[in-house]
Structures are given as structure tokens and as C-alpha cells.
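Just so you know, the sequence shown maps onto residues 506 to 967 in the numbering used here.
The C-beta atom is built at its ideal place from N, Cα and C for all residues, glycine as well.
Quick caveat: nothing in here was measured; it's all calculated off a predicted structure.
Following: one structure in C-alpha cells, then a few remarks.
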Amino acid sequence: MSTENQEAQEDELLALSSIYSEDEFKRADTASGGEIQVCLELPPNFKISVKSSSAANTIVESFEDTVFFLPPIVLNFELPPGYPSTTSPIFTLSCKWLSSKQLALLCQRLDDLWEENRGCVVLFAWMQFLKEETLESLNIKSPYEIKFHSNGTHTLMQTHEKASHCIATATPEEGAVDRRAIQDVQSVSALIKHILNFNESQQKKCFDSKPFLCNICFSEKLGSECTYFKDCSHVYCNSCLSDYFEIQIKDGQVHALNCPEPKCTSVATPAQVKALVGEQLFSRYDRLLLQSSLDLMTDVVYCPRPSCQTPVMQEPGGTMGICTSCRYAFCTLCRMTYHGVSPCKLTSEKLLTVRNEYMAADEDGKKFLEKRYGRVLQKAMEELESLDWLEQNSKACPRCGTYIQKIDGCNKMVCTGCRQYFCWLCMRILSRGNPYEHFNDPSSDCFNHLFHGANVDEDLFE
Numbered sequence: 506m507s508t509e510n511q512e513a514q515e516d517e518l519l520a521l522s523s524i525y526s527e528d529e530f531k532r533a534d535t536a537s538g539g540e541i542q543v544c545l546e547l548p549p550n551f552k553i554s555v556k557s558s559s560a561a562n563t564i565v566e567s568f569e570d571t572v573f574f575l576p577p578i579v580l581n582f583e584l585p586p587g588y589p590s591t592t593s594p595i596f597t598l599s600c601k602w603l604s605s606k607q608l609a610l611l612c613q614r615l616d617d618l619w620e621e622n623r624g625c626v627v628l629f630a631w632m633q634f635l636k637e638e639t640l641e642s643l644n645i646k647s648p649y650e651i652k653f654h655s656n657g658t659h660t661l662m663q664t665h666e667k668a669s670h671c672i673a674t675a676t677p678e679e680g681a682v683d684r685r686a687i688q689d690v691q692s693v694s695a696l697i698k699h700i701l702n703f704n705e706s707q708q709k710k711c712f713d714s715k716p717f718l719c720n721i722c723f724s725e726k727l728g729s730e731c732t733y734f735k736d737c738s739h740v741y742c743n744s745c746l747s748d749y750f751e752i753q754i755k756d757g758q759v760h761a762l763n764c765p766e767p768k769c770t771s772v773a774t775p776a777q778v779k780a781l782v783g784e785q786l787f788s789r790y791d792r793l794l795l796q797s798s799l800d801l802m803t804d805v806v807y808c809p810r811p812s813c814q815t816p817v818m819q820e821p822g823g824t825m826g827i828c829t830s831c832r833y834a835f836c837t838l839c840r841m842t843y844h845g846v847s848p849c850k851l852t853s854e855k856l857l858t859v860r861n862e863y864m865a866a867d868e869d870g871k872k873f874l875e876k877r878y879g880r881v882l883q884k885a886m887e888e889l890e891s892l893d894w895l896e897q898n899s900k901a902c903p904r905c906g907t908y909i910q911k912i913d914g915c916n917k918m919v920c921t922g923c924r925q926y927f928c929w930l931c932m933r934i935l936s937r938g939n940p941y942e943h944f945n946d947p948s949s950d951c952f953n954h955l956f957h958g959a960n961v962d963e964d965l966f967e
């Protein structure tokens, strides 16, 4: 190698190392060469679809989404002793989402650039071409479609735009493909995974390097110290969100772990929650979230034993639950020991609550309560209706509690149960010897009120 070529190669590699990051340019340790990764600048709202079809041209797997970044085009190169004076760099070009035919066209364009710049270093010109002109030279526009065709044991890839332009992969019968062009993905599933992972990682890298204003603490922080809600695009700093989520989880409000923006319904992902609150609180969050989800399932009940509380699946239309943990057989309606076809027992303490619940329920709710309590509920409703009527139309004897209805006559009453005299107005017990003394005593509140409120024929007193 001439001194001039050696110095030119060294200067070029040093210049590329200073211009590009390690993610874009890596110099080989043992040889005069390296690797260049070129990420294309995609237009806004660039859509890409990936489809896998069978030999019968039936779509068996598909993916379609808007992406901001696609996996890079990788240029591996080695600088021969005659570069740059007489010899071009030795290289291969690989990509996961371009076909071998498309990569071969790019290889040919790199050869043309070398011919145009023979005798000068060319790696920077190659990088600029790949970065800025690849989409145009291959006529790639949005929406961009990639198709996989299964042919026996081989997978051939065809890529094209949904416009009229189409580039098909060359087969051995049609002619040899440029060996420098390497299409290095084995399946449609692997390609989709590569596209999604790379797009997400690059978006995260861009987000981490930008400053954002937190609307809770009103401090400006880098994205690496913030959390981004994908559905609404709101951003808050991790410190504020951590405190906010911790309070919610400790209070059991696991369904409230959403964006703090007023009226925003975007929900934090489990991965975001775990990163913000730590392992211990996340375990509580995970447990409460599972429990709340089970609570919403109509075919899941909990073992009524306080020491167990294991979720139990109940059979459709059945009322018996058997705990898989403690083997306790119970009624899924009343949570008591299973009682077969007999109606659930209704305690006196719960009677009023159930009655109010029944009165306020819709038709489906009433049918459920009737199924649960059967004749017991009907009898309870009748008894409560009787009690309501008695409370409105009668009074209880002050001695024995027997309900007495006053139809007519004076206010001196006689209990039908215990034969005790009492005043209908003030409910005081009256003397058996002279019950009317209460109404004749000027100091009594009921003085001269023996017939107060009674329907009396006034002609009798004229």
C-alpha cells in the first residue's frame, strides 16, 4: 500500500468517526474497514404493510401501521491497498425490509458513485446517497407494501408500493442476484418484530433527548426523566407521576392510574407503573387489578371463608360453588353453606336492606333477588307492607306492644291483648279505677280532649 493511500484511508476513517456516532459508524479493530448503519429519513405519516401469502395467494399473516423509523441499511466495507487511488472499497449491503433486487440496484448506484469519484475517498458520498436518495431511487412511497411468498421450503420476498411501481425478486431461473446484496430476514414474523422493535427503540431515543415541561411541578426535564402517554401524547415527569400513582395504589384506586390531565382517559401501561412505583407497590397494584377484574366477571365468586377468599368459577345457571383451595361447598347467592333447592335464608337484620334493594331494582335485579330468596322474599315483602300499614294506621299498646287501630269513639282505649287502658293521644297508661280522670285533670296535656279528633254527633251535646 502506498503512503498516499494509507494516509487517505486513515484520514477518511478518522473523519467518519468524528462525524457519526458509534450507532452509525463502527471501525473494524483488525482491518482497514468497518460497518456503516444508515437510517432513512421517512416522510411524515409513512405507512408500511407486511403480508405473508401462501402458494394459493391466500393472505395468512399481515401487519399494517404508521412508522417513524425503519431498520437501517447496513454497509459493511473493507478498504483494499489500492483505495482510493485505483480500487473501489469492497462491500456488502444488507437490509431486513428491502428485497435482494432492490439492494442490488443500490449496489450498482454505489459503483456508479465510485466511478464518478475515482481516485477520491467515497465512503461519505455513499453514506449521504443511502441516507438521502434511497427512497427516491427505488421509488418507495407511502403506503409501502412488503409481501412474502411461500414457495416450497424457500421464502421469496417481493416488495412494492401500492402505486404502479413493482420490483420482483429474481429467482435462479431469471438470473443471478448481486452477491453483495444480502436480504437477511427469515420470516414475516421476524420482519414485523424487527420493524416494531426498531421503531419503538428509536422513538424512545428521540424522546429521551428532548426537554419537556411537566404540568404538575412546572419544571422542564429531559424525556429520559419523564413518562409519555401514548394515547393522548401528554408528558409528565417521573417524580410527580410516581407520587401520584403511589397514592392511588395505596388507596386501592387501581383503575385511576391514568394521565393526570383533567378529563383525560389515557391509562398507564403496567410497564410504566412498575418503573414508577417499584416492585412492592406494583405487586399490590397487580393483585388489586386482578381482583377488580374478577369482580366484574359474572361467573366468578369468592370463597366466603374469611381465611380463604379464593376466586371460584361457578357453573352457568348453577348456585353451588366449591372452593378449589379449602373445598368448602357454598351457595353462590347467599354465600352460606350450600342448601340445595331450598331458598336462601334471610336474616331479620338484612330484611329491610333487601326490601329497599328490591324496591329500587330494575326488572333484571328483581328477578335475581326473587331467584335468590324465593318465597322468603315474597313473605318478607308482605310482612314489611303490613308493618308499614300498621305504622301509618295504628299505634302500639304502651304496655304489651300490640298494634291497636282506632276506628271511632273517644280517646280512652282498651288494648285487645292485655286489656290495659291507655290514652290514644299521649299513649300514657290510664288508671283502671278511673280512666277518665286523665281527661278531667286540668294539669293534664289531654284535659278536655276525651273526644278530640273523634267523629262525634254534635247534636248529642246540644
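- Do the CB positions of Glu-583 and Ala-536 come within less than 8 Å of each other? yes
- Which residues in the same chain as Glu-942 place their Cβ atom closer than 7 Å to its Cβ, once the five residues preceding and following it in sequence are excluded? Ser-936
- Item | Reduced DSSP category for Glu-529 - H, G, I as helix; E, B as strand; rest coil | coil
- Since Phe-927 and Cys-951 are thought to touch, with beta carbons under 8 Å apart, how far apart are those beta carbons, to the nearest angstrom? That belief does not hold up - the Cβ atoms of Phe-927 and Cys-951 are roughly 11 Å apart, past 8 Å.
- Task: Find the nearest neighbour of Leu-611 within the set Ser-847, Gln-819, Val-543 and Phe-712, judged by alpha-carbon distance.
- Result: Val-543
- Message: Measuring only the C-alpha atoms, how far is Gln-785 from Gln-758?
- Response: 16 Å
- Item | 8 Å contact criterion, which Val-805 and Pro-816 should meet: CB distance rounded | 5 Å
- Task: May I ask which residues mark the beginning and end of the beta strand (DSSP E) holding Gln-633?
- Result: Run containing Gln-633: none in the beta strand (DSSP E); it sits in the alpha helix (DSSP H), 628-642.
- Task: Jot down the residue ranges of each uninterrupted alpha helix (DSSP H) in the stretch 683-723, minimum 4 residues, whole runs only, in chain order.
- Result: 693-714
- Task: Throw me the rounded Cβ distance for the Met-841 and Arg-860 pair, which I believe falls under 8 Å.
- Result: Actually they are not in contact, since the Cβ atoms of Met-841 and Arg-860 sit about 19 Å apart, beyond 8 Å.
- Note down the Cα distance separating Pro-809 from Met-818, rounded to an integer number of angstroms. 13 Å
- Message: Whole angstroms are fine: how far does the CA of Asp-791 sit from the CA of Cys-490?
- Response: Residue 490 cannot be examined here, being either before or after the span of the chain that is shown, 506 to 967.
- Is Ser-936 helix, strand or coil by DSSP? coil
- Where in the stretch 756-813 do unbroken runs of the beta strand (DSSP E), each at least 3 residues long, occur, reported from the N-terminal end onward? 805-807
- Taking the Cβ atom as the reference point for each residue, do Ala-695 and Ser-605 lie within a distance shorter than 8 Å? no
- Let me know if Pro-577 comes out buried or exposed under the rule of 16 or more other beta-carbons within 10 Å of its beta-carbon. buried
- Item | Neighbourhood of Ser-830 by C-beta distance below 6 Å, restricted to the same chain and skipping five residues each side | Cys-813 and Thr-815
- Message: To the nearest angstrom, how far is the alpha carbon of Asp-913 from that of Cys-923?
- Response: 20 Å
- What separation, rounded to the nearest whole angstrom, lies between the Cα atoms of Ser-593 and Ser-523? 23 Å
- Message: So the candidates are Met-932, Glu-888 and Leu-727; which of them puts its Cα closest to the Cα of Gly-906?
- Response: Met-932
- Message: Whole angstroms are fine: how far does the CA of His-739 sit from the CA of Leu-480?
- Response: The question about residue 480 has no answer here: the residues shown for the chain are numbered 506 through 967.
- Message: Does Cys-671 come out as helix, strand or coil in the three-state DSSP assignment?
- Response: Any reading at Cys-671 must be qualified, since the residue scores a pLDDT of 33, below 50, and its modelled position is unreliable; the value itself is stated next. Here Cys-671 sits in strand by DSSP.
- Message: Cutting at 6 Å between CB atoms, please list the residues of its own chain near Lys-715, excluding the five before and the five after it.
- Response: Gly-728
- Under the three-state DSSP convention, the category Lys-646 falls into: coil
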